[in-house]
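Colleague: The structure under discussion is supplied below as structure tokens; questions concerning it will follow.
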Amino acid sequence: MSLTQEKCLKMYTDMWRIRLFEEEANRQTNLGNVVGTLHMYCGEEAVAVGVCANLRDDDYVLGTHRSHGHCIAKGAESDKMMAELFGKATGTCKGKGGSMHVADFSLNMLGANGIVGAGIGPTTGTALASKIRGTDQVSVCFFGDGAAARGTFHEAIAMGSLWQLPVVYVCENNGYQQWVPRKNVAVVDSVADMAGSYSIPGVSVNGQDAIEVYEVIAEAVARARSGGGPSLIEARTYRFYGHSLGDEQQYRTEEEVEERKLNADPINILRDFMTERNWLSSADDDQVQQRAGDEITRAAKFAEESPWPEMGEVGTDVLFDAKEVA
Amino acid sequence: MTVMAFNEALREALHEEMARDESVFVMGEDVITHGGPYKVTDGVAEKFPGRIFETPIAEAGIVGLGVGAAMAGMNPVIEIMYLDFITCAMDEVVNQAAKMRYMTGGQASVPMVVRLPCGVGRLLAAQHSQIMESWFMHVPGLQVVVPSTPADGKGLLKTAIRSPDPVMFFEYKRTYTHKGEVPEGEYLIPFGKADIKREGEDVTVVAIGPMVQKSLEAAVLLEDEGYDIEIVDPRTLSPLDTETICESVRKTGRVVVCGEDSSFAGSVSEIAAMIAESCFSDLKAPVVRVGSPHVPMPFSAELVKHVVPEAANVVSAVNRVMN
Ligand SMILES: Cc1ncc(C[n+]2csc(CCOP(=O)(O)OP(=O)(O)O)c2C)c(N)n1
Ligand SMILES: [Mg+2]
């Protein structure tokens, strides 16, 4: 898929929708409306939008504990997502999952995940299903750099490669694994370097640059779709917030965070790219932000006004109603 | 006596044991940089350099290394950030750690402690709130320990570290901030020895983990109704102190068994069955279990309140066995 002004505008808009969605969710946490915790994606938006801009509606995506961005970029509605974070009955998962489990199967977004590295096997499995059925759907798995240490990473990618499955493994390497800098717990710096062990292509990209992500993923998706097998793409990125809300972030300095916000904000980087090409006037920019802001305000209002789940919901969805089977 | 929080008592136990025995070491995610989510390993890196290992996110590896180090004569104390992630290391726990002594005809010893923060805390839904005591009770070769107070936490963790066999050490998130008196000086609490947390005449309430505290609250409410309940805290589920439990049941003739985990095939079920079998002729009413329903933990606060047992559930269960 070639890069067009329209594609760029979509990516730019989605980055704002993600950013404002999360900032609102954070605000709603302070108001006591969102409970549990949030793993903020702010700062990493270019990865989600750069990847998803290459996908069709019927392509599969699986995420992580930090998946608000993956969901929005794949097309999830912000109002239902916000309602999920509130724990309301109108949420994407009826309030049963919360922030770490947002999923929208109508979009083949098969879910965020609370277990690190848990999505890699299932994504390889959706790719296997596509291969068995003979469709040309592509599966994409997002996972953090921490997940590359899990056995699931090794086992699943080995099979993805063995059977040349249509899957793109996207590692979001933000340099931290919860409260630990990656360098303290990993010898291999670039997760892309691990691709060689499975004889698949491995590429490292600047994850703050949506265009760079878009272009590298375009190639990986094309390869997967045409039967060329999996790829492992590492997006070097940075999270602007702590690991989850309430993180005191003693493992990094405020200066480091400020420097990244100043010089590596993915929204600014894409804005500059578009402005240079006269693809985004300042009036367009204002309009994008205005619309995204209005959408998120509506989402919060929707969530707030939505009903709580009924008590009976506690016991539903555990199993399919067996009476309908036999 | 010093008053301290549950997590502080555990930290003290860990520090004391590390000072006592050089073979004790710590392994887990975020245990140096952050001291673990509940700060139990705080200060270990400074005081015992070279004896704490901050790991990658690799539970199977962590427990696997623990088994090997233990067989080679070390005493690993492993922190699994949340109990839920122990499922990623089930082979290492169930097929390796638990079976080694038996399969090798007594040659192997696996003195490993696996610390497991569990249950509900902040609302984190189905993959961050589980308990699974009964999973491990079911496995011969494992010891299952569930402290309910800071004093018990300290004494039991010290015993766990000295045990020559693997220990699954359950730390309820609801208990971490619980404060209580901890005796001065060194003490150990033996496994298989229940503790009467409150003496009473009318009903035996066997309570596990945070349900001990909830039962103590219920006891106050029940006093107003004229019921005097006895609270028995097993403290270790495997081995289980059947004697102390049955003695109490023979006195009262009525029993409620409560835990935070699902009561279906849960730890409370084993205790209830044991009582029904051993004390049948002493029972004036059927045994009643209190636990959560057999559902995954939901996210919504509105749903969670129908899942997690509280003092009110103990009160109504006591009313049931009294009527
Ligand atoms: C199997 C497992 N172990 C530990 C955790 C706790 N945990 C949640 S997120 C996280 C860090 C993940 O780091 P990374 O994969 O780099 O993703 P990031 O948070 O940086 O996006 C940890 C340790 C978990 N959820 N699952
Ligand atoms: Mg990371």
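Chains as they are written, first to last, in my numbering: chain B, 1 to 326; chain Z, 1 to 323.
Heads up, the beta-carbon is just placed ideally off N, CA and C, and yes, glycines get one too.
List the residues of chain B that D30/Z touches, going by C-beta distances under 7 Å, in chain order.
Modeller: Stepping through the second sequence from its first residue, residue 30/Z is reached at position 30. Going along chain B in sequence order, the residues near D30/Z (Cβ under 7 Å) are Q178, W179 and V180.
Colleague: Does DSSP put Q143/Z in a helix, a strand or coil?
Modeller: Residue numbering aside, residue 143/Z sits at position 143 when the second sequence is read from its first letter. Here Q143/Z sits in strand by DSSP.
Colleague: Is the CB of Y251/B under 7 Å away from at least one CB in chain Z?
Modeller: On the first sequence, position 251 is the one that residue 251/B refers to. True, the Cβ-Cβ gap to chain Z drops below 7 Å.
Colleague: Counting only Cβ pairs nearer than 9 Å, list the residues of chain Z close to W308/B.
Modeller: Reading the first sequence from its first residue, position 308 is the one you call residue 308/B. Here the neighbours are S300, A301, E302 and L303.
Colleague: Any heavy atom of ligand 2 within a distance shorter than 6 Å of the CB on G119/B?
Modeller: By 1-based counting over the first sequence, the position of residue 119/B is 119. Answer for G119/B: no, Cβ out of range of ligand 2.
Colleague: Are the beta-carbon atoms of I217/B and N54/B separated by less than 7 Å?
Modeller: As a position in the first sequence, residue 217/B is number 217, starting the count at 1. As a position in the first sequence, residue 54/B is number 54, starting the count at 1. Yes.
Colleague: When you compare the CB of H101/B with every CB in chain Z, is at least one pair closer than 7 Å?
Modeller: The count along the first sequence starts at 1 and reaches residue 101/B at position 101. Yes, because at least one Cβ of chain Z sits closer than 7 Å to the Cβ of H101/B.
Colleague: With 7 Å as the C-beta to C-beta threshold (strictly closer), list the residues of the segment 111 to 141 of chain Z near chain B in chain order.
Modeller: Within the segment 111 to 141 of chain Z, the qualifying residues are R122, L123, L124, A125, Q127 and H128.
Colleague: Classify P183/Z as buried or exposed, calling it buried when 16 or more other Cβ atoms lie within 10 Å of its own Cβ.
Modeller: Indexing the second sequence from 1 puts residue 183/Z at position 183. P183/Z comes out exposed.
Colleague: If you reduce the DSSP assignment to three classes, tell me which class T237/B lands in.
Modeller: Walking along the first sequence from the start, residue 237/B turns up at place 237. Here T237/B sits in coil by DSSP.
Colleague: So what does D104/B bridge to, in DSSP terms?
Modeller: The residue given as residue 104/B occupies position 104 in the first sequence. In DSSP, D104/B forms a bridge with M109/B.
Colleague: What is the DSSP secondary structure of F21/B, reduced to helix, strand or coil?
Modeller: As a working note, residue 21/B is residue 21 in the first sequence. In this structure, F21/B counts as helix in the three-state DSSP scheme.
Colleague: Under 7 Å, do V144/Z and L156/Z count as touching if we go by C-beta distance?
Modeller: Here the question's residue 144/Z lines up with position 144 in the second sequence. Here the question's residue 156/Z lines up with position 156 in the second sequence. For V144/Z and L156/Z, no; Cβs fall outside 7 Å.
Colleague: Which one of L303/Z, M1/Z and V31/Z has the shortest CA to CA distance from V180/B?
Modeller: Mapped onto the first sequence, residue 180/B falls at position 180. It is V31/Z.
Colleague: Does P210/Z get closer than 7 Å to chain B when you measure Cβ to Cβ?
Modeller: Here residue 210/Z refers to the residue found at position 210 when the second sequence is read from its first residue. It does not; no Cβ of chain B falls within 7 Å.
Colleague: By Cβ distance, which residues of its chain are closer than 8 Å to L303/Z, with the 5 residues on each side in sequence left out?
Modeller: The sequence position of residue 303/Z within the second sequence is 303, counting from 1. Here the set comprises nothing.
Colleague: Distance, Cα to Cα, A224/B vs I132/B?
Modeller: Locating residue 224/B in the first sequence gives position 224, counting from the first residue. Locating residue 132/B in the first sequence gives position 132, counting from the first residue. Taking the straight line from one Cα to the other gives about 14 Å.
Colleague: By the criterion of Cβ-Cβ separation under 9 Å, what are the contact partners of R333/B in chain Z?
Modeller: Absent from the structure is residue 333/B, since the part of chain B shown begins at 1 and ends at 326.
Colleague: Compute the Euclidean distance between the alpha carbons of D21/Z and E270/Z, then round it to the nearest angstrom.
Modeller: To locate residue 21/Z, count along the second sequence from 1; it is residue 21. To locate residue 270/Z, count along the second sequence from 1; it is residue 270. Going by the C-alpha atoms only, they are around 36 Å apart.
Colleague: Chain Z partners of G36/B, CB-CB under 8 Å?
Modeller: On the first sequence, position 36 is the one that residue 36/B refers to. Residues of chain Z passing the Cβ test: R122, L123, L124, A125 and F299.
Colleague: Compare the C-alpha of I18/B against each of Q289/B, P309/B, F302/B and R271/B and name the closest.
Modeller: Along the first sequence, one-based indexing puts residue 18/B at 18. Comparing Cα-Cα distances from I18/B to each of Q289/B, P309/B, F302/B and R271/B, the minimum goes to Q289/B.
Colleague: Does the segment 147 to 162 of chain Z touch the segment 294 to 305 of chain B, meaning 3 or more C-beta pairs lie closer than 8 Å?
Modeller: Touching, no.
Colleague: Applying the 10 Å Cβ sphere with the 16-neighbour rule, what's the burial state of S254/Z?
Modeller: Within the second sequence, residue 254/Z is the residue found at index 254, counting from 1. Before going further, note that residue 254/Z is Arg rather than Ser in the sequence given. R254/Z comes out buried.
Colleague: Note down, in chain order, every chain B residue with its Cβ under 9 Å from the Cβ of F85/Z.
Modeller: Stepping through the second sequence from its first residue, residue 85/Z is reached at position 85. Chain B residues near F85/Z: I115 and V116.
Colleague: Check the C-beta distance from M4/Z over to F48/Z and give it rounded, since I have them as a contact under 8 Å.
Modeller: Taking the second sequence and counting its residues from 1, one reaches residue 4/Z at position 4. Taking the second sequence and counting its residues from 1, one reaches residue 48/Z at position 48. Between F48/Z and M4/Z the Cβ distance is about 20 Å, and since that is not below 8 Å, they are no contact.
Colleague: Check whether the Cβ atoms of F299/Z and G87/B sit closer than 7 Å, and answer yes or no.
Modeller: Here residue 299/Z corresponds to residue number 299 of the second sequence, with the count starting at 1. Here residue 87/B corresponds to residue number 87 of the first sequence, with the count starting at 1. A contact, by the Cβ cut-off of 7 Å.
Colleague: Just tell me which of E24/B, M81/B and K7/B has its CA closest to the CA of A46/B.
Modeller: What you label residue 46/B is simply residue 46 of the first sequence in a count that begins at 1. With distances taken between Cα atoms, A46/B lies closest to K7/B.
Colleague: Measuring CB atoms only, is the segment 96 to 107 of chain B touching the segment 34 to 45 of chain B, in the sense that at least three cross pairs come out at less than 8 Å?
Modeller: Counting Cβ pairs under 8 Å, three or more are found: they touch.
Colleague: What residues in its chain sit with their C-beta under 7 Å from that of R250/Z, if we drop five residues either side in the sequence?
Modeller: On the second sequence, position 250 is the one that residue 250/Z refers to. Hits under 7 Å: C279 and D282.
Colleague: Using the beta-carbon of each residue, find all residues closer than 6 Å to any heavy atom of ligand 2 and list them in chain order.
Modeller: Any residue whose Cβ sits closer than 6 Å to a heavy atom of ligand 2 makes the list: G144/B, D145/B, G146/B, N174/B, Y176/B and Q177/B.
Colleague: Given the structure, does H34/Z come close to ligand 1, in the sense that its CB is under 6 Å from one of the ligand's heavy atoms?
Modeller: As a working note, residue 34/Z is residue 34 in the second sequence. Because no heavy atom of ligand 1 lies under 6 Å away, the Cβ of H34/Z does not count as near it: no.
Colleague: Looking at the structure shown, is N323/Z part of a helix, part of a strand, or coil, going by DSSP?
Modeller: Residue numbering aside, residue 323/Z sits at position 323 when the second sequence is read from its first letter. It is coil, neither helix nor strand.
Colleague: Just the Cα atoms here: how many angstroms apart are N263/B and L237/Z?
Modeller: In the first sequence, counting from the first residue as 1, residue 263/B sits at position 263. In the second sequence, counting from the first residue as 1, residue 237/Z sits at position 237. Whole-angstrom Cα-Cα distance: 56 Å.
Colleague: For a test of the three-state rule: what should DSSP assign to G66/Z, helix, strand or coil?
Modeller: The residue you call residue 66/Z lines up with position 66 of the second sequence. DSSP places G66/Z in helix when its eight states are reduced to three.
Colleague: So, with DSSP's three-state summary, where would you put D224/Z?
Modeller: Numbered from 1 along the second sequence, position 224 holds the residue referred to as residue 224/Z. In this structure, D224/Z counts as helix in the three-state DSSP scheme.
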